[in-house]
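Engineer: Below is a structure I'd like to ask you about.
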Amino acid sequence: MFDGPALWAVALLPVGLLVLAAAAASLSAAFGSAAAGRAVDTEVLLHPAREAVRLLVVRRRRTSHPDALLWRLGGGTLFVTAVLAAAVVPIGTTAVVRSEVGVVWFNAAETLLWAALWLTGWGANSVSGLIGGYRFLAQALAYELPLMLALITAALGAASLDVTEIVAAQSGLWFVVWMPIAFVVFLIAALAFAFWGPFSQPASTDASGGILAEVSGVDRLAVSIGQYAWLASAAGMSVALFLGGGGGPLLPAWLWWLVKTLAVLAALVWTRWRFPVIRVDRFEEFAWVVLLPAIILQSLVVALVVL
Amino acid sequence: MDLTRFAFGKPHVLLIEAPGGTGPRLAVERLARERGWPLVDTPADADVLVVAGAGLHEPAQLVWDQLPGPRTRITLLDPDRVEAALDEAARSLLDRAEQRADAAARGPRDEPMQEMGGDSGHDMSAEDGDGGSGDDMGGDDMGGDDGGGGSGHDMHGGHDMGGGDMPAGLPMADRAPDRDGLELDILHVPWGPALPWWPAGLVVRIQLQGDVLSEVEVGRIGPTAPAAPFWQAAADAVGSGRAAAAARIDALTRLLAVAGWSGERLRAQRVRDGLLGGAPNEELVGQLERLERRVGRSALLRRMTAALGPSAGARVTEAYRGWLADAGGFRDGPPASRTADAQEAADQLADLLTGAEWSTGRLIVASLDPELTGALQPGAHRV
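Protein chains in written order, with numbering that gives the first Met the number 0: chain A, 0 to 306; chain B, 0 to 382.
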């Protein structure tokens, strides 16, 4: 007998993620309007649709001797991996795919970003793209170990790699309360792997858009959707790992999860407008000298408490 | 069609400034901000190419060839005509016949460029027959958008297809010892003059190893038309204190853009436009105080701009703090001139940049403030 997830849930997952991605894009547009001194009105809700249609109309570019296959594969992988990651996130109490190793699965999907973003930068055969790609690899080198330890810390607290179990283990006390460092490290890593806001140096203005310098049309749309979808997946995962998942009074579990996820997503989006870009060389130092020792200490404390 | 009208309701603008284009550039930045038209980093994301000022014909053409299309371009000389020109650009994007003709003139899909010109007139228009080998060889344009092999000025005999050392017509990267004594590939890449958030007319030719600028040549292009007349006229219109403050905040907007802080960049633009547009003093004082708090005292921005190597040091941090301090006193008349400092920095630019990394190099250039002083004029230094 087929014992996997319901087909409708599998079909609905990408749609749901797209809706969250559009919400994130709208919110970012709202912050942008406010900063520019424009009225923040319903116009921002149309922003994601407008950009999507525009990018569908704009022609794709070709550069001189690109590795076209890998270049486009890189950008196209983003959304797919975001959906894969979201599959193990319990929406309320139930995930689309309940896995005994959900935490590892999420991490594995995230690791594919190393390849996806590197290829997006490298494939175009352009200086800006190449610099952006290298910047992302350096950034990944900085955030990856702290991220893994943050994931492991949450798993340690619940003595399970199953995200549903981790949510269940927080029925008494949310993990964020006694592992705040792990929560913060996870959010920093989320911004970094989604190359968003302060961690957008791989695609920053000083390098003419870095990995995105040569990407146009539908290819750019794919990367953009993938980026927002990853922010949404990460926000949903952070709620499951640290903010008690669907736990809360009165409202149904799925609604609690959604409310918390939107709140985290809003905070992630906001960082783009609040902070300048952090140069990768400076982040590298901070990650290895501050973040890594801090998260090791955090997991040690959690391990002692659990013992 | 309505869907297209919707899609291009807020066209993306690539704004580049030619010498003397300060007036139209400020007008474009203000209108784009008010209308919600994003100012973008790369031709790949642009629908409209706007050249503020005259004299960048050839570099602008190289950028133009990289816009994917639908696309349109405008050259602006008169600030008063900017609004109408932007309206016309938006209309042109929706003009199907016009866009079809443009696309047809460019050859097959996925091959946006046919003819490229190196900066010194190399004939790069050889039909190479393999689907776009000439693409994106824009030597002089966006910082480093050209192919991996090097830029236009290094393309001796660049269309010798399939020659031994030139796979696909691109020269192989040379090698040279880097600052740590390792043999590394070198690439020749130009910064400017047709680059957003870049001092008008400045060209910096860099030799790149990894992302380190191992050799730097500073020059300029375009007519001799420094920004001074614009700020002089502004001083006559709104008072010298306001004009001087606006010039400093304008320099700040560029630095914030290069530092990747779009939120504060937009807020700084509002302050600048308010200073030039006659906003009430009390409002401006509040906005400037807020800017000083958020930007001037930002620990993060300080960390990103301080300790940029032996020659640049904390120059960038000192620059934006100085601008903010000067602008804060806009009611007391113009602040003390920084011309001497700025001129000195401009003269030393090549030294400041040599050995810097790509991102810090861009920050150093953005801290130069040539608008304010008319520094970087021809003759100030040799190429």
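Each residue gets a CB set at the ideal place from its N, CA and C atoms; glycine is no exception.
Here the structure is a predicted model, which is why all the values come from computation and not from measurement.
Closer than 6 Å by C-beta to D122/B: which residues in its own chain qualify, once you throw out the five before and the five after it? Chain order, please.
Structural biologist: Note that D122/B has pLDDT 33, beneath the 50 cutoff, so the model's placement of it is unreliable and no number is given.
Engineer: Can a CB atom of chain B be found closer than 9 Å to the CB of L45/A?
Structural biologist: By this cut-off, L45/A is an interface position.
Engineer: Have a look at P359/B and L307/B and give me their C-alpha separation to the nearest angstrom.
Structural biologist: Before going further, note that residue 359/B is Thr rather than Pro in the sequence given. In a straight line, the C-alpha of T359/B is about 7 Å away from that of L307/B.
Engineer: Could you check which residue in Q138/A, L144/A, V52/A, F192/A has the C-alpha nearest to that of A228/A?
Structural biologist: Ranking Q138/A, L144/A, V52/A, F192/A by Cα distance to A228/A puts F192/A first.
Engineer: Residues in its own chain within less than 8 Å of A67/A by CB, not counting five upstream and five downstream?
Structural biologist: Once the five neighbours on either side are set aside, the close Cβ partners of A67/A are R61, G122.
Engineer: Quick one: give me the first and last residue of the alpha helix (DSSP H) that W117/A is part of.
Structural biologist: Counting along the chain, the alpha helix (DSSP H) containing W117/A begins and ends at 101 to 121.
Engineer: Determine contact between the region 18 to 38 of chain B and the region 76 to 94 of chain B, defined as no fewer than three beta-carbon pairs at a distance below 8 Å.
Structural biologist: Contact holds: three or more Cβ-Cβ distances are below 8 Å.
Engineer: P275/A versus chain B: which residues are under 8 Å apart at the beta carbon?
Structural biologist: Those within 8 Å of P275/A in chain B are L255, A258, G259, W260, E263, S297, L299, L300, M303.
Engineer: My output table needs one value for G4/B: the three-state DSSP class, helix, strand or coil.
Structural biologist: In the sequence under discussion, the amino acid at residue 4/B is Arg, which differs from the Gly named in the question. In the structure shown, R4/B sits in a helix (DSSP, three-state: H, G or I).
Engineer: Do L257/A and E310/A have their beta-carbon atoms positioned less than 9 Å apart in this structure?
Structural biologist: This structure gives no information on residue 310/A, because the portion of chain A shown stretches from 0 to 306.
Engineer: Let me know if S170/A comes out buried or exposed under the rule of 16 or more other beta-carbons within 10 Å of its beta-carbon.
Structural biologist: With fewer than 16 other Cβ atoms within 10 Å, it is exposed.
Engineer: Could you tell me which chain A residues have their CB closer than 9 Å to the CB of E33/B, listed as they occur along the chain?
Structural biologist: In chain order: A35, G36, R37.
Engineer: So is D235/B in contact with chain A if we call contact Cβ pairs under 9 Å?
Structural biologist: No, D235/B does not count as interfacial toward chain A.
Engineer: Are L300/B and A258/B closer than 9 Å when you measure CB to CB?
Structural biologist: Yes, the Cβ-Cβ distance between L300/B and A258/B is below 9 Å.
Engineer: Can you say whether G191/B is buried or exposed, counting buried as having 16 or more other CB atoms within 10 angstroms of its CB?
Structural biologist: Burial call: buried.
Engineer: Can you check whether the C-beta of Y227/A is within less than 9 Å of a C-beta belonging to chain B?
Structural biologist: Output row for Y227/A: interface = no.
Engineer: Measuring only the C-alpha atoms, how far is G180/B from R296/B?
Structural biologist: Cα to Cα, G180/B sits roughly 39 Å from R296/B.
Engineer: What does S358/B touch in chain A if you count any residue whose Cβ is under 8 Å from its own?
Structural biologist: Here the neighbours are Q200, S203, D205, A206, R278.
Engineer: Beta-carbon separation of L183/B and P176/B under 9 Å?
Structural biologist: Contact: yes.
Engineer: Listed from N- to C-terminal order along the chain, which residues in the region 210 to 241 of chain A have their beta-carbon within a distance smaller than 8 Å of any beta-carbon of chain B?
Structural biologist: Of all residues in the region 210 to 241 of chain A, L211, A212, E213, V214, S215, G216, R219 have a Cβ within less than 8 Å of some Cβ in chain B.
Engineer: Starting from G218/B, trace the beta strand (DSSP E) in both directions and tell me its first and last residue.
Structural biologist: Here the beta strand (DSSP E) through G218/B covers 211 to 219.
Engineer: Using the three-state DSSP reduction, which class does A100/B fall into: helix, strand or coil?
Structural biologist: Helix.
Engineer: Could you tell me how far apart the beta carbons of A153/A and L240/A are, in whole angstroms, since I believe they sit closer than 8 Å?
Structural biologist: Contact flag correct, Cβ pair sits at about 4 Å.
Engineer: 9 Å is my cut-off, CB to CB: does G31/A come that close to chain B?
Structural biologist: Interface residue, yes.
Engineer: Does V289/A get closer than 9 Å to chain B when you measure Cβ to Cβ?
Structural biologist: With 9 Å as the cut-off, V289/A does not count as an interface residue toward chain B.
Engineer: For Q208/B, does the three-state DSSP call read helix, strand or coil?
Structural biologist: Strand.
Engineer: Buried or exposed for M115/B, please, with buried defined as at least 16 other CB atoms from any protein chain shown within 10 angstroms of its CB.
Structural biologist: Only weak support exists for where M115/B lies, its pLDDT of 36 falling under 50; the value from the coordinates is given anyway. M115/B comes out buried.
Engineer: I'd like to know whether the C-beta of P58/B is nearer than 9 Å to at least one C-beta of chain A.
Structural biologist: With 9 Å as the cut-off, P58/B does not count as an interface residue toward chain A.
Engineer: Which residue's Cα is closest to the Cα of V62/B: A103/B, I363/B, P195/B, E317/B?
Structural biologist: It is P195/B.
Engineer: Tell me, please, whether the CB atom of V52/A is closer than 9 Å to any CB atom in chain B?
Structural biologist: So, interface residue.
Engineer: Measure from the alpha carbon of E57/B to the alpha carbon of each residue in R292/B, A17/B, D350/B, then state which is nearest.
Structural biologist: Of the listed residues, the one whose Cα sits closest to E57/B is A17/B.
Engineer: For R59/A, which residues from the same chain have a beta carbon less than 7 Å from its beta carbon, with the 5 sequence-adjacent residues on both sides left out?
Structural biologist: S215, G216, V217, D218.
Engineer: From P69/B to L211/A, what distance separates their C-alpha atoms?
Structural biologist: Rounded to whole angstroms, P69/B to L211/A spans 19 Å at the Cα level.
Engineer: Which value, in whole angstroms, describes the spacing of the CA atoms of S127/A and G208/A?
Structural biologist: Answer to the nearest angstrom: the Cα atoms are 7 Å apart.
Engineer: Would a check of beta-carbon distances place E283/A closer than 9 Å to chain B?
Structural biologist: Answer no: the Cβ-Cβ gap between E283/A and chain B never drops below 9 Å.
Engineer: In angstroms with no decimal places, state the Cα-to-Cα distance between A38/A and L351/B.
Structural biologist: For A38/A and L351/B, the distance between alpha carbons rounds to 42 Å.
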